[in-house]
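Asks: Let me begin by handing over the structure; questions about it come next.
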Amino acid sequence: MNETLVNQDELLKEFEEKIENEIKIEPRDWMPEEYRQHLIRQISQHAHSEVIGMQPEGNWISRAPSLRAKKILLAKIQDEGGHGLYLYSAAETLGVSRDQFIQWLHEGKAKYASVFNYPALNWADIGAIGWLVDGAAITNQVSLQRTSYGPYSRAMVRICKEESFHQRQGYEIMWKMMEGTKEQQQMAQDALNRWWWPALMMFGPHDSDSPHTSNAMKWKIKRESNDRLREKFINKTIPQAELIGLKVPDPALVKIGEDQYQHGDIDWTEFWEVIKGNGPCNQQRLEHHIKAHNNGSWVRECANEYHIKSNK
Ligand code: 3HC
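Laid out in structure tokens, this is it:
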């Protein structure tokens with residue numbers, strides 16, 4: 082066997098031993114090209130999701146019902162932008178530029194979380210997004226803190242510290258509305274009805290239909306499967322709903338134990354249709370991102386110019 086092949090085998094063995102022994106893979110370490118490409122895809126799409134996710138909530142900053150609510154929403158949205166930057170930085174360590182990620186997004190070659198293609202119709206939606214979308218994101222991201230790729234794992238640790246605030250502020254909005262007028266209670270229930278299933282879809286298709294999960298688990302990129310994380314989220318969230326008088330919109334839901342539930346069928350046709358671009362807001366989200374990116378080009382040019390001059 083020629084030297085290169087022997088060397089490749091040794092490198093692969095060393096990589097697999099690191100994964101086995103919970104040693105983080107770092108940017109300068111040798112890694113299988115498939116592992117690198119898997120991470121480039123997942124981390125960049127995670128970053129896109131954080132940034133595109135700012136849009137549904139951003140529309141409500143000027144309509145927040147109080148100065149306190151406005152300040153909380155502003156802080157949350159600012160956090161999401163920062164999460165996107167941490168994750169683009171982590172993705173860039175794999176050898177692809179941020180400009181390239183953004184280009185793939187604008188060309189429709191990269192995904193972002195399908196949940197952000199639904200409209201935020203009223204203030205109760207801001208509560209439901211924080212409580213359910215950020216609640217689902219926390220369930221996923223707490224698990225991802227143990228991912229095998231160093232920069233991704235460290236980004237997750239930082240992000241998770243802020244996500245809990247995001248989920249609590251959303252739940253507080255829902256709690257306050259359920260203590261309000263009949264109309265406010267109906268708004269909260271309507272928001273739950275519209276955001277519940279898209280939040281469950283955030284965890285991805287069932288494990289049996291997930292083309293990436295087996296590699297993701299083998300390489301310890303994912304530490305828990307899509308279905309396991311979805312189940313954890315459901316079991317945690319249903320008691321929260323019931324505590325404030327909300328009813329989860331799943332007629333087939335069955336309680337199978339203490340804080341343990343079996344959910345009804347998820348509409349995967351809707352999931353794949355939204356991912357394919359046929360959701361309520363896909364076009365608006367992408368057009369807005371492209372417009373904002375182009376409007377911000379002068380900032381990037383000035384920053385680059387300053388960087389060049391200050392490094393002369
Ligand atoms: N939205 C859009 N696409 C999705 C999706 C979703 N909710 N779930 C799965 N997909 C896509 C996958 O990207 C993949 O397509 P691709 O090959 O073109 O990338 C395909 O469907 C098959 O799915 P798999 O389950 O096989 O793919 P993964 O193993 O990558 O699992 C995932 C999907 C669970 C989303 C995983 O990528 C992951 O954990 N990503 C990191 C977490 C993340 O991206 N969260 C998004 C929300 S961030 C957020 O909510 C911000 C918060 O602060 C508001």
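Just so you know, we're using the working numbering here: the sequence shown kicks off at 82 and counts up by one. All C-beta atoms in this analysis are idealised placements derived from N, C-alpha and C, irrespective of residue type, glycine included. It should be emphasised that the depicted structure is a prediction, and the values quoted were computed from it without experimental measurement.
For Tyr230 versus Gln126, is the C-beta spacing smaller than 8 Å?
Replies: no
Asks: Report the rounded CA-to-CA distance for Ile347 versus Thr318, giving the unit in angstroms.
Replies: Those two C-alpha atoms are separated by around 17 Å.
Asks: Cα-Cα, which of Asp206, Arg366, Asn307 is closest to Pro292?
Replies: Asn307
Asks: To the nearest angstrom, how far is it from the Cα of Ser289 to the Cα of Lys99?
Replies: The alpha-carbon atoms of Ser289 and Lys99 are separated by roughly 28 Å.
Asks: Determine the direct distance from the alpha carbon of Gly165 to that of Pro113, and round the result to whole angstroms.
Replies: 26 Å
Asks: Keeping to the same chain, check which residues put their C-beta closer than 8 Å to that of Gln226; ignore five residues upstream and five downstream.
Replies: Ser234, Met237, Val238, Cys241, listed in sequence order.
Asks: Quick check on this structure: which residue in Ile315, Asn316, Pro320, Gly285 has the alpha carbon closest to the alpha carbon of Lys303?
Replies: Gly285
Asks: Taking 7 Å as the cut-off, does the CB of Asn221 come closer than this to any heavy atom belonging to ligand 1?
Replies: yes
Asks: Hey, would you say the C-beta of Asn274 is under 7 Å away from at least one heavy atom of ligand 1?
Replies: no
Asks: Would DSSP call Gln343 helix, strand or coil?
Replies: strand
Asks: With burial defined as no fewer than 16 other Cβ atoms inside 10 Å of the residue's Cβ, what is the status of Gln118: buried or exposed?
Replies: exposed
Asks: Using a Cβ-Cβ cut-off of 8 Å (strictly less than) and excluding sequence neighbours within five positions of Ile254, which residues of its own chain qualify?
Replies: Ala150, Trp204, Ala205, Ile207, Gly208, Gly211, Trp212
Asks: For Val335, which residues does DSSP report across the bridge?
Replies: Gln343
Asks: Do Gln250 and Ile153 come within 8 Å of each other at the CB atom, strictly closer than that value?
Replies: yes
Asks: I'd like to confirm the pairing. Which residues does DSSP put opposite Ile302 in its beta bridges?
Replies: Paired residues: none, contrary to the question.
Asks: Per DSSP, what kind of secondary structure is Ile158 in: helix, strand or coil?
Replies: helix
Asks: Is any heavy atom of ligand 1 found at a distance shorter than 7 Å from the C-beta of Thr307?
Replies: As written in the sequence, residue 307 is Asn, which differs from the Thr given in the question. Answer for Asn307: yes, Cβ within range of ligand 1.
Asks: May I ask you to report which of helix, strand or coil DSSP gives Ile325?
Replies: coil
Asks: Name, in chain order, the residues that DSSP records as bridge partners for Tyr252.
Replies: BP columns for Tyr252 are empty, so no partner.
Asks: Three or more beta-carbon pairs under 8 Å between the stretch 268-285 and the stretch 214-222, yes or no?
Replies: yes
Asks: Starting from the C-beta of Met82, find all residues in its chain whose C-beta is less than 7 Å away, skip the five residues before and the five after it, and write them out in chain order.
Replies: For Met82, the pLDDT reaches just 46, beneath the cut-off of 50, and the residue's location in the model is therefore unreliable, although a value from the coordinates is still provided. Nothing listed; no residue qualifies.
Asks: With hydrogens ignored, establish whether the beta-carbon of Gly162 is closer than 7 Å to any heavy atom of ligand 1.
Replies: no
Asks: Going along the chain, which residues of its own chain have a beta-carbon closer than 8 Å to the beta-carbon of Gln270, five neighbours each way excluded?
Replies: Leu327, Lys328
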